[in-house]
Amino acid sequence: MRIDCVVNGEPRRADDVWAGESLLHVLRERLGLPGAKNACEQGECGSCTVYLDGKPVCACLVPAGQARGREVVTVEGLGDGDLHPVQRAFIAAGAVQCGFCTPGLIVAVHDLLARTPSPAEEEIREALAGNLCRCTGYEKILTAVRLAAGREHES
Amino acid sequence: MRPVSYSRVADVATAIGTVAADPDSTFLAGGTTEVDLQRIHVARSKRLVDINDLPLRQVEELPGGGVRIGAVARMSDVAQALPVRRRFPMVSEALLLGASPQLRNMASIGGNLMQRTRCGYFRDVAAPCNKREPGTGCAAMTGVNRGHAVLGTSEYCIATHPSDLAVALVALDAVVLTQGPAGHRQIPADDFYPMPGETPDREHPVAHGELVVAVEIPPLPMASTSNYLKVRDRESYEFALASAAVAVSLDAGVVTDVRLALGGVATKPWRARRAESVLVGAPATVESFRAAADAELADAVSHGMNAYKIELGRRTIVRALRTVTGDARMVSDDGNPP
Ligand SMILES: Cc1cc2nc3c(=O)[nH]c(=O)nc-3n(C[C@H](O)[C@H](O)[C@H](O)COP(=O)(O)OP(=O)(O)OC[C@H]3O[C@@H](n4cnc5c(N)ncnc54)[C@H](O)[C@@H]3O)c2cc1C
Ligand code: SF4
Ligand code: FES
Ligand code: FES
Numbered sequence: 001m002r003i004d005c006v007v008n009g010e011p012r013r014a015d016d017v018w019a020g021e022s023l024l025h026v027l028r029e030r031l032g033l034p035g036a037k038n039a040c041e042q043g044e045c046g047s048c049t050v051y052l053d054g055k056p057v058c059a060c061l062v063p064a065g066q067a068r069g070r071e072v073v074t075v076e077g078l079g080d081g082d083l084h085p086v087q088r089a090f091i092a093a094g095a096v097q098c099g100f101c102t103p104g105l106i107v108a109v110h111d112l113l114a115r116t117p118s119p120a121e122e123e124i125r126e127a128l129a130g131n132l133c134r135c136t137g138y139e140k141i142l143t144a145v146r147l148a149a150g151r152e153h154e155s
Numbered sequence: 001m002r003p004v005s006y007s008r009v010a011d012v013a014t015a016i017g018t019v020a021a022d023p024d025s026t027f028l029a030g031g032t033t034e035v036d037l038q039r040i041h042v043a044r045s046k047r048l049v050d051i052n053d054l055p056l057r058q059v060e061e062l063p064g065g066g067v068r069i070g071a072v073a074r075m076s077d078v079a080q081a082l083p084v085r086r087r088f089p090m091v092s093e094a095l096l097l098g099a100s101p102q103l104r105n106m107a108s109i110g111g112n113l114m115q116r117t118r119c120g121y122f123r124d125v126a127a128p129c130n131k132r133e134p135g136t137g138c139a140a141m142t143g144v145n146r147g148h149a150v151l152g153t154s155e156y157c158i159a160t161h162p163s164d165l166a167v168a169l170v171a172l173d174a175v176v177l178t179q180g181p182a183g184h185r186q187i188p189a190d191d192f193y194p195m196p197g198e199t200p201d202r203e204h205p206v207a208h209g210e211l212v213v214a215v216e217i218p219p220l221p222m223a224s225t226s227n228y229l230k231v232r233d234r235e236s237y238e239f240a241l242a243s244a245a246v247a248v249s250l251d252a253g254v255v256t257d258v259r260l261a262l263g264g265v266a267t268k269p270w271r272a273r274r275a276e277s278v279l280v281g282a283p284a285t286v287e288s289f290r291a292a293a294d295a296e297l298a299d300a301v302s303h304g305m306n307a308y309k310i311e312l313g314r315r316t317i318v319r320a321l322r323t324v325t326g327d328a329r330m331v332s333d334d335g336n337p338p
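Protein chains in written order, with UniProt numbering: chain C, 1 to 155; chain S, 1 to 338.
Here you go:
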């Protein structure tokens, strides 16, 4: 089947998409956007988080057909030609080790700060509960969020 | 995921007609259960009929204090909806304590009620499982059953029902509205979930092609201060080991009315009727709460690794009752007075 949708602000088309494919597969393998990662494919880890019509979702559980006519934003689409402040905060805080969880976390943090510019500690933890990281132990990720929220002095 | 065809439908009649006409088809809402189970070959439908465009997304106040929730409304939207938060906070809490933000943005109310058990053997097509393949046996009986049920079990299946929302709906006497080839039905939430008995593969009364269109929660003034307590292995993003949805009405320190339902400990969202009958007319004291909890768990049966759930279930009941009756500050983490 054919999938027409808007990805990172641009109309995109994928042809010969098999009905059993996920949005994640279409993004990574057909549209050249490997930012969102494929880790668990079960909705458990959040590595595949992208915006679908403005809401963060697990792209591994979205059948490709559901993206037809809708708007997708991936980690590649967050910055305006340059890195987004959330991405810069992750680098500055050293919140990345293997990096597999990072794109999903960046999208989740981007969404959190768009809704709640100055989140409390519990709000940060709850908002990121769906994003698992096997490497960092989360401390530096929390530091990155505080940094991006302009609360670096508290870390 | 195996080869399937995918189509979108825009009206309820077409949705029902399309699925009813093809035994290999199924409704697709948020996909967070269906796509997952397709991928691990537990769900085997060939044709997915996407119902997200159906006009069933509204959350409406009903006259008299009830609420009607459309079947494809998202968990995240319903949790935030004012009528739900004001009238039935236990529903909002049950939704927010389930899954993750990403999943709640996708998952629907109808899909939540229809989700399948998280029993590891059910999800493993190589394991014997009477629910997935009737007659093959139950690997959980003598296997890893730490998460399994202690109430409502049978010798055929001991799996819990995983939905948090359903626990709150059973406590509130909600009604599931369906529409199918045979017409409209109204099914009380408690009847929606049968006990496993000899047929654990029969998980609900919904026929092939029958669509859940909405859930209606009838008025219950005391539910405006209700709550949902969920006990789990980690603070967030985990299924319940034990949970309780509770609403209480007091008069001069005596319980005049109570609704109590349990999750995580039973094979279905469990209305705690024995505990309720112990509580009505009793003083709202820890002693009464303990007596109620003992009565409810009196017939609990463990299968080894889940033995702790009997005591955990009791403590969850006591703690939920203390919280909802305003005695929370007296409760320590183990549910006992300090
Ligand atoms: C990692 C993870 C953690 C989770 N944690 C929790 C938790 O803590 N608590 C909790 O309660 N849930 C939890 N869930 C389950 C989640 O809430 C359900 O997967 C979700 O609610 C299902 O809704 P959906 O719209 O995605 O359903 P779908 O996957 O689209 O559908 C599920 C099933 O229901 C059928 N169906 C869907 N809508 C209808 C309808 N209107 N009428 C008839 N049939 C229908 C489908 O045919 C399918 O068989 C978790 C899920 C995952 C993946
Ligand atoms: S407990 Fe139920 S779902 Fe799990 S293996 Fe046994 S029969 Fe299957
Ligand atoms: S890959 Fe989608 S949640 Fe893990
Ligand atoms: S950095 Fe490796 S999973 Fe998070």
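For each residue, glycine too, the CB sits at the ideal point set by N, CA and C.
As the structure is a computational prediction, the values presented were derived from the model and not from experiment.
In chain C, which residues lie with their C-beta within 7 Å of the C-beta of residue i?
i, result
"Gln102(S)", "Gly46, Thr49, Pro56, Val57, Cys58 and Gly130"
"Arg132(S)", "Here the premise fails: no neighbours, minimum Cβ distance about 17 Å."
"Ser5(S)", "Ala19"
"Asn105(S)", "Lys55, Pro56 and Val57"
"Leu48(S)", "Pro63"
On the DSSP letters alone, give me the boundaries of the beta strand (DSSP E) that residue i sits inside.
i, result
"Val246(S)", "Ala242 to Asp251"
"Gly70(S)", "Gly66 to Gly70"
"Asn227(S)", "Asn227 to Val231"
"Phe27(S)", "Ser25 to Leu28"
"Asp4(C)", "Ile3 to Val7"
"Pro205(S)", "Element bounds for Pro205(S): n/a, residue is neither H nor E."
"Leu177(S)", "Val175 to Gly180"
"Gln186(S)", "Gly183 to Pro188"
"Pro85(C)", "Element bounds for Pro85(C): not the beta strand (DSSP E) but the alpha helix (DSSP H), Pro85 to Ala93."
"Arg13(C)", "Glu10 to Ala14"
"Leu211(S)", "Leu211 to Ile217"
"Tyr6(S)", "Ser5 to Arg8"
Using the beta-carbon of each residue, which ones in chain C are nearer than 8 Å to residue i?
i, result
"Gly31(S)", "Leu61, Val62, Pro63 and Gln66"
"Tyr193(S)", "Within 8 Å Cβ-Cβ: nothing; Tyr193(S) doesn't reach chain C, min ~23 Å."
"Asp257(S)", "Under the 8 Å cutoff, chain C gives no residues; its nearest Cβ is about 33 Å from Asp257(S)."
"Ser236(S)", "Arg125, Glu126 and Ala129"
"Val231(S)", "Within 8 Å Cβ-Cβ: nothing; Val231(S) doesn't reach chain C, min ~16 Å."
So residue i contacts chain S; which residues on that side make the cut at Cβ distance below 9 Å?
i, result
"Gln87(C)", "Near Gln87(C) there are no residues of chain S at all, since even the closest Cβ is about 19 Å away, more than 9 Å."
"Gln42(C)", "Asp36, Arg39 and Ile40"
Ends of the alpha helix (DSSP H) at residue i?
i, result
"Tyr51(C)", "Looking at the DSSP string, Tyr51(C) is not in any alpha helix (DSSP H); the run it does join, the beta strand (DSSP E), is Thr49 to Leu52."
"Ser76(S)", "Met75 to Gln80"
"Val109(C)", "Thr102 to Arg115"
"Leu54(S)", "No alpha helix (DSSP H) holds Leu54(S); DSSP gives it neither H nor E."
"Ile124(C)", "Glu121 to Ala127"
"Lys140(C)", "Glu139 to Ala148"
"Val72(C)", "No alpha helix (DSSP H) contains Val72(C), which is instead part of the beta strand (DSSP E) from Glu71 to Val73."
"Val318(S)", "Tyr308 to Val324"
Under 8 Å Cβ-Cβ, which residues of chain S neighbour residue i?
i, result
"Ala127(C)", "Pro101"
With burial defined as no fewer than 16 other Cβ atoms inside 10 Å of the residue's Cβ, what is the status of residue i: buried or exposed?
i, result
"Cys101(C)", "buried"
"Arg13(C)", "exposed"
"Asn336(S)", "Low per-residue confidence applies at Asn336(S): pLDDT is 49, beneath 50, and the placement is therefore not dependable enough to give any value."
"Val125(S)", "exposed"
"Ser332(S)", "Annotation note: pLDDT 45 at Ser332(S) (below 50); position unreliable, no value reported."
"Pro338(S)", "Legend: pLDDT at Pro338(S) = 38, less than 50; position of this residue unreliable, value from coordinates given subsequently. Exposed, by the Cβ-count rule."
"Gln102(S)", "buried"
"Thr116(C)", "exposed"
"residue 353(S)", "Here chain S comprises residues numbered 1 to 338, so residue 353(S) is not present and cannot be evaluated."
"Ile16(S)", "buried"
"Val17(C)", "buried"
"Gln179(S)", "buried"
"Ser118(C)", "exposed"
"Ala183(S)", "Note that residue 183(S) is Gly in the sequence shown here, rather than Ala. Its Cβ having fewer than 16 others within 10 Å, Gly183(S) is exposed."
List, in chain order, every chain S residue whose beta-carbon is nearer than 7 Å to that of residue i.
i, result
"Gly150(C)", "None at all; the shortest Cβ gap to chain S is about 22 Å."
Residues of chain C with CB closer than 9 Å to the CB of residue i, please, in chain order.
i, result
"Asn52(S)", "Gln66"
"Leu211(S)", "Ordered by position in chain C, no residue passes the 9 Å Cβ test against Leu211(S), which lies about 18 Å from the chain."
Practice task
State whether the region 30 to 41 of chain C contacts the region 86 to 96 of chain C, with contact taken as three or more CB pairs (one from each stretch) at a distance under 8 Å.
Solution key: Flag = no, the region 30 to 41 of chain C and the region 86 to 96 of chain C do not touch.
Practice task
Inspect the CB distances between the region 200 to 217 of chain S and the region 142 to 153 of chain S and report whether three or more fall short of 8 Å.
Solution key: These segments do not touch.
Practice task
Pair every Cβ in the region 115 to 128 of chain S with every Cβ in the region 25 to 43 of chain S, then say whether three or more of these pairs are closer than 8 Å.
Solution key: With a cut-off of 8 Å on Cβ pairs, the region 115 to 128 of chain S is in contact with the region 25 to 43 of chain S, counting three or more such pairs.
Exercise for the section: Report yes or no: do the region 18 to 36 of chain C and the region 53 to 61 of chain C share at least 3 C-beta pairs separated by less than 8 Å? Expected result: Touching, yes.
Practice task
Note down, one range per segment and in chain order, each alpha helix (DSSP H) of at least 4 residues found wholly within the region 253 to 306 of chain S.
Solution key: For the region 253 to 306 of chain S, the continuous alpha helix (DSSP H) assignments of 4+ residues that do not extend past its boundaries occur at 273 to 279 and 286 to 297, in sequence order.
Exercise for the section: Jot down the residue ranges of each uninterrupted beta strand (DSSP E) in the region 16 to 49 of chain C, minimum 3 residues, whole runs only, in chain order. Expected result: The region 16 to 49 of chain C contains no whole beta strand (DSSP E) run of 3 or more residues.
Exercise for the section: At 4 residues or longer, and completely inside the region 81 to 169 of chain S: list those alpha helix (DSSP H) runs for me, N to C. Expected result: Counting whole runs of 4 or more residues, the region 81 to 169 of chain S contains the alpha helix (DSSP H) stretches 82 to 87, 89 to 96, 101 to 106 and 109 to 114.
Exercise for the section: Check whether the region 131 to 138 of chain S touches the region 142 to 150 of chain C, taking contact to mean three or more Cβ pairs, one atom from each stretch, closer than 8 Å. Expected result: No: fewer than three Cβ pairs fall under 8 Å.
Problem - Stretch-stretch touch, CB-based, cutoff 8 Å, three pairs: the region 278 to 295 of chain S with the region 158 to 172 of chain S - result: Because the criterion of three Cβ pairs below 8 Å is not met, the region 278 to 295 of chain S and the region 158 to 172 of chain S do not touch.
Exercise for the section: Count the CB pairs spanning the region 65 to 82 of chain C and the region 102 to 116 of chain C that are closer than 8 Å, and state whether there are at least three. Expected result: Contact holds: three or more Cβ-Cβ distances are below 8 Å.
Problem - the region 84 to 100 of chain S / the region 216 to 231 of chain S touching (three or more Cβ pairs under 8 Å) - result: Look at the beta carbons and you see the region 84 to 100 of chain S touching the region 216 to 231 of chain S: at least three pairs across the two are nearer than 8 Å.
Handout entry: contact_flag[the region 236 to 245 of chain S, the region 260 to 267 of chain S] where n(CB pairs < 8 Å) is 3 or more
Key = Short answer: they touch.
Problem - Cβ contact (3+ pairs, closer than 8 Å) linking the region 229 to 237 of chain S and the region 310 to 324 of chain S - result: These segments touch.
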